[in-house]
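Working notes, structure below.
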Amino acid sequence: MAAVLTRDIVKTFGEVNAVNGISLRVPDGEFMVLLGPSGCGKTTFLRIICGLEQQTSGDLLIGGNVVNDMPPRARGIAMMFQSYGLYPHYTVRNNISFPLRTQRMPSQDIQKKVDWAAQLLDIGHLLDRRPRQLSGGERQRVALARALVREPTALLLDEPLSNLDAKLRTSARQEIKNFQQRVGLTTIYVTHDQVEAMGMGDRIAVIDHGRVRQVGTPTEIYEDPADLFVATFVGAPPMNIVTHNGGGYLGFRPENFLPRDMIEDGGATEFSFRVDRSEYLGSERIVYGVMDGFDSKQPITAKLPPAHVAEGSIRPGEWHPFAVKNSALRHFDTSGNRSSRH
Amino acid sequence: MAVIAEPVAKPISRYRFILDRREVLEAVLVAPAILYVLLLVGLPLLLAVYYSLSAYTIYNPTWTFVGLANFEQILQDPTFLDTLRNTFIFTFGSQLLGLVLGKFGAFLLLQPFPGRKIVRALIILPFAVPVALATIAWQWMFDSLYSVINWTMIAAGIITREDAPNWLGNPYLAMLCIVIINAWRFFPFAIVIFLAGITAVPQDVIDAATVDGAGFWRRNYQIILPMILPIMAIGLIFGIVFTFTDLSIVFLLTMGGPGGATSVLGFAGFQTGIVSGDVAHGAAISLFMLPVLLVVVIFMLRFIRRREI
Amino acid sequence: MPQPIARSLRGTGFVLGVGFFVILAAFPFYWMVITAFKQNSDLYDVTNIPFWFNEPPTLEHIKYLFQETLFARWLLNSLIIGVCVTAITLVTAVPAGYSLARMTSRKGEALGIMIFLTYLVPPTLLFLPLSRIIAELGLQNSMWSLVLVYPTFTIPFCSWLLMGFFKALPVEIEEAAIVDGCSLFGAFIKMAVPLSVPAILTVVIFTFTLTLQEFVYALTFISSSDQKPITLGVSTDLIRGDVFFWGEIMAGALIAAIPVAIAYNLFLDRFIAGITGGAVK
């Protein structure tokens, strides 16, 4: 059974369509990431699921029940906010027990549940503090405990790492993912950061302009983007897109765009590449340039392993024979959708 | 995990969650305040307009409609025209004086010096203390016999006891007195408004102007002043509204005297409408405040709108 | 001009300027204090230097105030009025301020400005119709009329003040509570209200001082001495015949003014932020 199922959800604010018909199925226990640029409607969609916004049309089912007209408290959903939304005037213990107290659970049961959640997240020693006395990482764990304690049908997270600095973000990511795998909780995670999406999601839904562009595993999204938006939004640097001579577009990832002599077998397409600039990034070298005979809106990039390509061998202004394996070429039709090969 | 999948068994009625609709709850929460204000400000305002168009007195509470007759009678009364003139002199004289004092006071209080907090607390006093009580303190200072101001001037040799001014007995001096008291009451407010405005100007804007070669005066009048103008305007609007409609200073200090020299709109409305019981004419007099209030409100709305851009 | 002289001249000018403002602002209160504690024979002798005590200070005036006048009664009246008006104001303005702050549409903002503008409608425009309404309700000459009327200016003012405060409160906390099982109303009661205690305290103080400062309505509606609030009583009732009793009057004014002055000084910044509608950031 799907924990969360939406059918053609639409949300309009005045004239603006924030969510433009999203149908999504999140099975039990899945870690689903909603990935998209800011303003694409992903947060609005999340807020519709938890009930903080009411959809203009469409159906929302949670745990098999239609909850269109139900207020948030009747939906059995937990949510973790960007800055965690801890209750500053409550102790950690009361923060965690709050969802249970609103359900009027007997106090000894509450006690048991809180201790269980606190032990699971290793915050037993913090129970009598207040949120402002906690570090960022501790706050996150308290927020997770509060979300977990009522055993929700699904946990929603709205860009929970965006307020953290880069270092903390990596460990916080680990923690959320570990936690989710341990308890097997259905999770819907909103982010604009593709690294988070690729690293954490069982599946990713790429959203743009209020529509789902593609749903798939990280591999599917990366290897087989459904359209030009997904192709250029996911991956850094993004997929190279050139107009194809037969109409439509040709795409290939920068790491597949290599000097001709680095590709061993046949079955590759050759291009003549003029190098304009190159950046050395330690583990890789990014080379920017243009391709002979192709029109492109942005410079073509190639991601080369520095160990194989010495700095002196590729200089700005030089033309080099480059190639892409045919299996790594992706074809798109004139409207930008993925087309089968030729 | 994720056990909670058992469906919600209770039947859900539409009305159970009526307060969970944002619009409904918002309306319910704001309603008492709106109702209170509508019933005890909106309704009386309409009543005041109606009274002014009727022949209502407390001795003869009739609702007879007389059109603009009350207004015509009032406008033909020379003492009313004096009252109108007095009100404007009182309002703009005291606001101007208060503003000048406020500007200088703010300028002094802007720089840090030991004891600034105490000085500020002392300077705030005139605005903090109930105006009625402050007025009677001034009345005592303007006393015809025991005026401390006169005593000081006599002691300083500026005047002699014989020609000591009778502050509240002379028409011009009495007007000066109420202007001074009102300016005195509002200048701390002006200081605080100025200070709030100036401290709200971002330091980097001032620094940028200095780097760009703006001197002291240019910084003051071309950078800071325009930026604090909106907040000053709001302060001034408050000052004008509360002065233009004031009653307490005149009532306690001069009773409109001598000879109507300090009668202002609020006082005249009170005398006619409450003391003499001629509600209709009293209401008509009070309603002369309305045009000024409307102008002020329009200004206020414009400033509020500009602030949001 | 040599530097040091210029600097010391500037310093002197500065001190003189500050001194001028302090004397201008505070002298009437100094005058209140000195009058309240002076003996009558000292007070009404023009040959004495009036600025300090020529005869020993006395508590005579204050004693008189409490024993021979209704001063204590007026204090009590003002306290009752203040408490009741504060209660009415809190019950209406806290939800209203919250609602206005959380309304997302332009309508909410327009409504907020409208409520605030009613604060500018002056008592001298409303006292005539209100006195008729109060007579209809049978409240004439009773301090309960003031309890009814004072919220007309405290509600708009405090709603506006609270609206600014609630706007600054992160919505996330309330939303977390809503998802965690609160109703919208529950989130208001359990989250927004406890977190706004400082603002509510400010509102309490201001409501109280506004009721103490009010004069026009009190003057219009109340004529019996025993129903008067302190400000009205002190300024109109301590005159016997044509004679002023300055010692008693000043003592009364002083006692009534001290709490208001202290409260104002403590909460002034919030007051200014309130009336300028958050134009100060």
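Top to bottom, those sequences are chains A, B and C.
Heads up, the first sequence is in our numbering, so the first residue is 1 and it goes up one at a time.
Heads up, the second sequence is in our numbering, so the first residue is 1001 and it goes up one at a time.
Heads up, the third sequence is in our numbering, so the first residue is 2001 and it goes up one at a time.
Cβ coordinates follow ideal geometry from the N, Cα and C atoms, glycine included.
Three-state secondary structure (DSSP) of residue i
i	result
B:Ser-1286	helix
B:Phe-1244	helix
A:Gly-370	For residue 370 of chain A there is no data in the structure shown, the boundaries of chain A being 1 and 342.
B:Gly-1042	helix
A:Thr-269	strand
A:Val-26	strand
A:Val-212	strand
A:His-320	strand
A:Pro-238	coil
C:Lys-2063	helix
B:Ile-1136	helix
C:Val-2280	With a pLDDT of 37 at C:Val-2280, under the threshold of 50, the modelled position of that residue is not reliable, and no figure is offered here.
A:Leu-281	coil
A:Lys-396	In the structure displayed, chain A extends from 1 to 342; residue 396 of chain A sits before or after that span and is not available.
C:Thr-2092	helix
B:Ile-1237	helix
C:Val-2171	helix
C:Lys-2228	coil
C:Ala-2199	helix
Span separating the alpha-carbon of residue i from that of residue j
i	j	result
C:Leu-2232	C:Ile-2080	15 Å
A:Val-275	A:Gly-289	4 Å
C:Ile-2249	B:Gly-1102	30 Å
B:Phe-1303	C:Leu-2090	29 Å
A:Ile-314	A:Gly-199	33 Å
B:Thr-1243	B:Leu-1168	19 Å
B:Asp-1212	B:Val-1205	10 Å
B:Gly-1269	C:Thr-2086	29 Å
A:His-192	A:Ser-38	7 Å
A:Asp-227	A:Gly-336	5 Å
C:Ala-2192	C:Ile-2178	12 Å
Any chain C beta carbon closer than 8 Å to residue i
i	result
B:Ser-1328	This structure cannot speak to residue 1328 of chain B, because chain B is shown only from 1001 to 1309.
B:Leu-1126	In the sequence under discussion, the amino acid at residue 1126 of chain B is Pro, which differs from the Leu named in the question. For B:Pro-1126, the answer is yes, since a Cβ of chain C falls inside 8 Å of its Cβ.
A:Gln-103	yes
B:Trp-1184	yes
B:Trp-1151	yes
A:Gly-85	yes
Delimiting residues of the alpha helix (DSSP H) encompassing residue i
i	result
A:Thr-44	42 to 50
B:Ile-1198	1171 to 1200
A:Gly-201	That residue, A:Gly-201, is in no alpha helix (DSSP H); it is neither H nor E in DSSP.
C:Tyr-2119	C:Tyr-2119 -> no alpha helix (DSSP H), and no H or E assigned at all.
B:Lys-1117	1116 to 1128
B:Tyr-1036	1022 to 1037
B:Val-1100	1078 to 1110
A:Phe-31	Careful: A:Phe-31 lies outside any alpha helix (DSSP H), inside the beta strand (DSSP E) at 31 to 35.
C:Ala-2218	2216 to 2221
Burial state of residue i (16 or more Cβ within 10 Å)
i	result
A:Pro-316	exposed
B:Ile-1285	buried
C:Gln-2067	exposed
B:Pro-1061	exposed
B:Ile-1309	Confidence at B:Ile-1309 is low in this model, with a pLDDT of 36, below 50, so the placement of that residue is unreliable and no value is reported for it.
A:His-308	exposed
A:Asp-292	exposed
Below-8 Å beta-carbon distance, residue i vs any chain B residue
i	result
A:Pro-388	Within the shown structure, residues of chain A are numbered from 1 to 342, placing residue 388 of chain A beyond reach of any answer.
A:Pro-160	no
A:His-342	Any reading at A:His-342 must be qualified, since the residue scores a pLDDT of 44, below 50, and its modelled position is unreliable; the value itself is stated next. Closer than 8 Å: no.
C:Tyr-2217	no
C:Val-2204	no
C:Ser-2008	no
C:Leu-2126	yes
C-beta neighbour in chain A for residue i, strict 8 Å
i	result
C:Glu-2172	yes
C:Pro-2151	no
C:Met-2103	no
N-terminal and C-terminal residue of the beta strand (DSSP E) that residue i is part of
i	result
A:Met-80	77 to 80
A:Phe-252	249 to 252
Residues, ordered as in the chain, of the stretch 161 to 172 of chain A that lie near chain F by beta-carbon distance below 9 Å: Absent from the structure is chain F; the protein chains it does hold are A, B and C.
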